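Chemist:
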Amino acid sequence: MFFKEFEIRWSDLDANRHMANSAYINFMSHTRMAYLGQLGFNQVSMAIHNIGPVVFYEHVYYFKEAFPGRPVKVSLEFVGMSEDGMFFEFRHNFYDIKGKNFARCEMMGAWIDLKERKLIGLPVEFLEAFQAMEQSKDFKVLTKEDTRKFVQVPKDL
51 MFFKEFEIRW
61 SDLDANRHMA
71 NSAYINFMSH
81 TRMAYLGQLG
91 FNQVSMAIHN
101 IGPVVFYEHV
111 YYFKEAFPGR
121 PVKVSLEFVG
131 MSEDGMFFEF
141 RHNFYDIKGK
151 NFARCEMMGA
161 WIDLKERKLI
171 GLPVEFLEAF
181 QAMEQSKDFK
191 VLTKEDTRKF
201 VQVPKDL
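All residue numbers for the sequence shown refer to the working numbering, where the first residue is 51 and numbers rise by one.
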């Protein structure tokens with residue numbers, strides 16, 4: 051399992067003086083990109099292939115408050131991917147200095163062709179890197195139907 055450590059900064063706080071929702075989102079995004087960078091996914095390689103990641107959802111569950119000046123660890127678990135690599139799913143857990151789990155997030159995303167603005171499968175070199183990743187015990191091969199499990203549709207004014 052991959053971990054990234056962070057220090058909760060003043061700018062990570064909300065009006066209640068604990069870690070803000072936006073800080074959780076930023077810490078998770080940074081953790082994902084740090085891990086993907088180790089696999090060769092970075093700004094340069096994604097630009098060469100003209101692709102970028104998109105987030106479909108991030109469901110965050112809060113168990114306990116987190117306060118400034120205390121280090122936190124954010125984990126990344128690879129819990130799902132479609133056969134072509136188009137769709138992916140990660141789970142993040144947040145831990146305090148004592149290893150206590152204070153938040154969890156389930157997120158799903160996909161890859162988009164930045165010119166065509168359409169979802170695409172991964173190029174072979176990236177697909178092979180993803181396939182070599184350590185998988186969670188509950189890893190699942192994703193289908194398009196998995197991306198629709200929360201059945202949210204736009205409702206215009």
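Glycine included, every Cβ here is placed at the ideal spot set by N, Cα and C. Here the structure is a predicted model, which is why all the values come from computation and not from measurement.
Using the beta-carbon count (16 or more within 10 Å), is residue 113 buried or exposed?
Modeler: With fewer than 16 other Cβ atoms within 10 Å, it is exposed.
Chemist: Tell me the start and end of each unbroken beta strand (DSSP E) in the region 151 to 207 that is at least 3 residues and wholly inside, in chain order.
Modeler: DSSP runs (the beta strand (DSSP E)) wholly in the region 151 to 207: 151 to 163, 185 to 192.
Chemist: Helix, strand or coil: which one does DSSP assign to residue 59?
Modeler: It is coil, neither helix nor strand.
Chemist: How would you write the range of the beta strand (DSSP E) that residue 101 sits in, first residue to last?
Modeler: It spans 101 to 112 - the beta strand (DSSP E) in which residue 101 sits, taken as one unbroken run.
Chemist: Report yes or no: do three or more beta-carbon pairs, one from the region 172 to 187 and one from the region 86 to 99, lie closer than 8 Å?
Modeler: Flag = yes, the region 172 to 187 and the region 86 to 99 touch.
Chemist: Alpha carbon to alpha carbon, how far is residue 54 from residue 101?
Modeler: So the alpha carbons of these two residues sit roughly 24 Å apart.
Chemist: Please confirm whether residue 124 and residue 144 have their CB atoms less than 8 Å apart.
Modeler: The answer is yes: Cβ separation under 8 Å.
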